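>
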Amino acid sequence: MEIEEVIATNVRRLRNARKWTQEELAEKAQLSSRYVGAIERANVSPRVGIIGRIADAFGVEPADLFKRSRPKGRG
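If you're matching positions, the sequence shown starts at 1 in the UniProt record's numbering and goes up one per residue.
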């Protein structure tokens, strides 16, 4: 998985966990909703400053947006 896809997955997961719309996240992170959508579709690679603003909006560390999800074990 490319890093843009990892970021996209994490942003979408965190946003959905908070029941926020893309517009609400955009407002909190001072971004356009179109840009948030592009991030969630992995169409853009956000700059470090943007990653920081998104992390601040979620109340997480910027590194959390780069964490790959672990595959679920088979049982």
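Cβ atoms here follow ideal geometry from the backbone N, Cα and C, with glycine treated the same way.
Note that the coordinates shown come from a computational prediction; the quantities given were computed from them, not determined experimentally.
#1: Can you list, in chain order, the residues of its chain with a C-beta nearer than 6 Å to that of Arg12? Leave out the 5 residues immediately preceding and following it.
#2: Between which two residues does the alpha helix (DSSP H) carrying Thr21 extend?
#3: Verify whether the separation of the beta carbon atoms of Arg53 and Gln30 is less than 8 Å.
#4: Classify Phe58 as buried or exposed, calling it buried when 16 or more other Cβ atoms lie within 10 Å of its own Cβ.
#5: The alpha helix (DSSP H) that contains Ala38, what's its start and end?
Per the coordinate set shown:
#1: Position 12 of the sequence shown, counted from the first residue, corresponds to residue 12. Counting only Cβ-Cβ distances below 6 Å, and skipping sequence neighbours, we find Glu40.
#2: Position 21 of the sequence shown, counting from 1, holds the residue named residue 21. Segment: none, Thr21 is in no alpha helix (DSSP H) and carries neither H nor E.
#3: For the purposes of this step, residue 53 is identified with residue 53 of the sequence shown, where counting begins at 1. For the purposes of this step, residue 30 is identified with residue 30 of the sequence shown, where counting begins at 1. Contact flag set, yes.
#4: Locating residue 58 in the sequence shown gives position 58, counting from the first residue. By the neighbour-count rule (16 or more Cβ atoms within 10 Å), Phe58 is buried.
#5: For the purposes of this step, residue 38 is identified with residue 38 of the sequence shown, where counting begins at 1. Here the alpha helix (DSSP H) through Ala38 covers Ser33 to Glu40.
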